[in-house]
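Here the structure is laid out as structure tokens; the discussion comes afterwards.
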Amino acid sequence: MKLDVVLGLQWGDEGKGKIVDVLAGQYPVVARFQGGPNAGHSLHFEGKGFVLRSIPSGIFRKDATNIVGNGVVLDPITFKGECENIAKTGVPVKDRIVIAKKAHLILPTHRLLDAANEAAMGKGKIGSTLKGIGPTYTDKISRNGLRVGDILAPDFKSRFEKLKNRHVRQLEQLGYECDPDAEEAAFMEAVEYLKEFRLIDCEYYVNETLKTKTMLAEGAQGSMLDVDYGSYPFVTSSSTICAGACTGLGVAPSQIGHVFGIFKAYCTRVGSGPFPTELFDETGERLRKLGNEFGAVTGRPRRCGWLDLVALKYTVMLNGVTDLIMMKSDCLDDFDTIKVCTSYRVDGQETSQVPFDTYAEIEPVYTEFKGWKADLTGCRKEEELPAEFKDYIRFMEEYLGVPIKIISLGPDREATIMR
Ligand code: IMO
Ligand code: MG
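Using numbering that gives the first Met the number 0, count along the sequence shown one by one with no gaps and you end on 418.
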């Protein structure tokens with residue numbers, strides 16, 4: 000059977016939580032393969048709302064197993080808080096979640112280092128969520144990290160001390176004043192809590208599962224934040240693209256089935272970095288209000304702008320997207336004119352490629368569409384969609400060369416059209 004992948008094609012916050020929750024009904028196993036609690040995946044159903052950080056979005060489906068894969072970085076403290084919150088609603092979290100032993104642990108000092116690094120960068124800062132993501136992946140790549148499976152080792156405490164002391168020296172070097180021990184007790188308590196979960200050899204578990212079941216891999220962040228292909232250095236520290244699902248779960252590329260690429264009908268970005276179609280005017284403000292574009296993790300107002308098809312075509316290519324999923328077009332219901340960026344002008348030259356230079360001055364070239372000026376939120380069938388909206392969809396499908404298979408018209412599970 001195949002591993003289908005669902006991932007964000009922009010700068011994160013595309014609505015992955017909702018879609019995984021909707022799709023999870025068809026998948027007995029859902030897995031996160033990268034990122035950590037920098038993610039904030041929002042789910043709404045039966046009048047309730049949840050934001051998931053490290054837990055896969057299949058958690059509310061009765062028969063689904065949820066894997067925290069080895070490409071993930073796990074903060075035991077955040078994870079425990081998240082689990083306890085969900086457990087309160089009667090969800091048996093310990094029966095529904097399994098955790099890869101090879102996933103790396105975020106220590107409290109990783110979070111301090113994140114803050115220290117950002118402070119040291121001053122104006123050039125990344126705008127990190129400060130969850131310790133960058134420093135944890137740094138330790139993984141430099142071969143200093145601690146993994147979930149290590150919590151079972153008799154010398155875990157001393158290995159923790161060794162890594163913590165390394166961090167203390169780095170913090171001192173950065174001149175960052177803090178108490179590195181402040182959260183140690185909470186961390187150790189959360190580590191004990193982790194031991195109550197089934198810790199797995201993810202690569203064996205996943206490949207065994209794929210012999211009889213289809214699985215869904217849930218990406219975090221978005222392709223434009225990918226450490227290799229995003230707007231470096233304004234990126235996150237993991238492989239957010241489809242290939243990351245292979246390394247993050249221990250699955251061969253030939254096992255990948257559908258690649259569901261999610262995008263919003265406009266663009267948002269949190270943190271620093273290039274954003275060619277960003278709007279600094281009333282329209283940007285209007286999008287922020289209509290789309291409630293405030294960070295689910297940090298509460299920061301998101302930067303807003305028109306849809307960027309140049310960037311989208313790039314990420315469709317990187318991921319081999321087979322099915323597109325469009326979110327939040329209902330937020331454009333009231334606009335007289337809707338713009339989409341179809342090429343860039345860089346140094347006076349028009350191009351349909353994303354330039355290497357992160358600091359290049361990019362002028363977006365737009366194609367305009369007549370707004371549909373109708374309330375889409377109640378639509379549940381293709382036939383109910385206005386003609387202008389269908390034209391708009393057809394244009395995007397042609398430009399991107401991939402069909403839009405799902406249209407989401409509101410945060411609730413039910414507000415979804417399958418095509
Ligand atoms: P979900 O999964 C949007 C952004 C941060 C910052 C950069 C690096 O909810 O879509 P990091 O904390 O990873 O070192 O931050 O990446 N970022 C996100 N933006 N959605 C996310 O996750 C993000 N995770 C990280 O704002 O610019
Ligand atoms: Mg988010």
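The beta-carbon is built from N, C-alpha and C at its ideal position, and this holds for glycine as well.
State the CB to CB distance for the pair residue i and residue j, rounded to an integer number of angstroms; the pair is presumed to be in contact (CB under 8 Å).
i: residue 214; j: residue 28; result: 4 Å
i: residue 411; j: residue 373; result: With 8 Å as the limit, residue 411 and residue 373 do not qualify as a contact, their Cβ atoms being about 19 Å apart.
i: residue 103; j: residue 134; result: Actually they do not touch by this definition, with Cβ atoms about 11 Å apart.
i: residue 323; j: residue 255; result: In fact, because the Cβ distance is near 17 Å, the residues do not count as touching under 8 Å.
i: residue 69; j: residue 245; result: Contact flag wrong, Cβ pair sits at about 11 Å.
i: residue 399; j: residue 312; result: 6 Å
i: residue 236; j: residue 227; result: At roughly 11 Å, the Cβ-Cβ gap does not stay under 8 Å, so residue 236 and residue 227 are not in contact.
i: residue 341; j: residue 314; result: Actually they are not in contact, since the Cβ atoms of residue 341 and residue 314 sit about 15 Å apart, beyond 8 Å.
i: residue 76; j: residue 189; result: 5 Å
i: residue 105; j: residue 85; result: Not really, about 19 Å apart at Cβ, beyond 8 Å.
i: residue 339; j: residue 306; result: 5 Å
i: residue 112; j: residue 169; result: 6 Å
Look at residue i and residue j and say whether their C-beta atoms are less than 7 Å apart.
i: residue 248; j: residue 0; result: no
i: residue 42; j: residue 218; result: no
i: residue 292; j: residue 267; result: yes
i: residue 130; j: residue 37; result: yes
i: residue 357; j: residue 273; result: yes
i: residue 252; j: residue 186; result: no
i: residue 79; j: residue 195; result: no
i: residue 388; j: residue 337; result: no
i: residue 13; j: residue 262; result: yes
i: residue 320; j: residue 234; result: no
i: residue 32; j: residue 216; result: yes
i: residue 304; j: residue 277; result: yes
i: residue 9; j: residue 298; result: no
i: residue 395; j: residue 405; result: no
i: residue 128; j: residue 296; result: yes
i: residue 101; j: residue 158; result: no
i: residue 329; j: residue 370; result: no
i: residue 126; j: residue 34; result: no
i: residue 97; j: residue 197; result: yes
i: residue 4; j: residue 415; result: no
i: residue 260; j: residue 206; result: no
i: residue 384; j: residue 408; result: no
i: residue 351; j: residue 401; result: no
i: residue 30; j: residue 63; result: no
Could you tell me if residue i is buried or exposed, where buried requires 16 or more neighbouring beta carbons within 10 angstroms of its beta carbon?
i: residue 140; result: exposed
i: residue 347; result: exposed
i: residue 116; result: buried
i: residue 300; result: exposed
i: residue 91; result: exposed
i: residue 56; result: buried
i: residue 363; result: buried
i: residue 118; result: exposed
i: residue 316; result: exposed
i: residue 165; result: exposed
Is residue i helix, strand or coil when you go by DSSP?
i: residue 390; result: helix
i: residue 321; result: coil
i: residue 358; result: coil
i: residue 399; result: helix
i: residue 332; result: coil
i: residue 404; result: strand
i: residue 186; result: helix
i: residue 9; result: coil
i: residue 378; result: coil
i: residue 339; result: strand
i: residue 0; result: coil
i: residue 352; result: coil
i: residue 297; result: coil
i: residue 310; result: helix
Is residue i near the ligand SAM, judged by its Cβ being under 6 Å from some heavy atom?
i: residue 219; result: By its list of ligands, the structure shown excludes the ligand SAM, since it contains just the ligand IMO and the ligand MG.
4-residue-minimum alpha helix (DSSP H) runs that sit fully inside the segment 96 to 135, ordered along the chain
Look at the segment 96 to 135 and you find these whole runs of alpha helix (DSSP H), each 4 residues long or longer: 107 to 120.
Complete runs of the beta strand (DSSP E) confined to the segment 48 to 95 [at least 3 residues]:
Taking only runs of at least 3 residues, the beta strand (DSSP E) segments lying wholly in the segment 48 to 95 are 64 to 67.
Unbroken stretches of the beta strand (DSSP E), 3 residues or longer, contained in the segment 208 to 293
Every unbroken stretch of the beta strand (DSSP E) spanning 3 or more residues and falling wholly within the segment 208 to 293 is given here in chain order: 214 to 221, 255 to 263, 265 to 268.
Entirely enclosed beta strand (DSSP E) segments - the segment 142 to 169, minimum 3 residues:
If only uninterrupted beta strand (DSSP E) runs of at least 3 residues are considered, none is enclosed by the segment 142 to 169.
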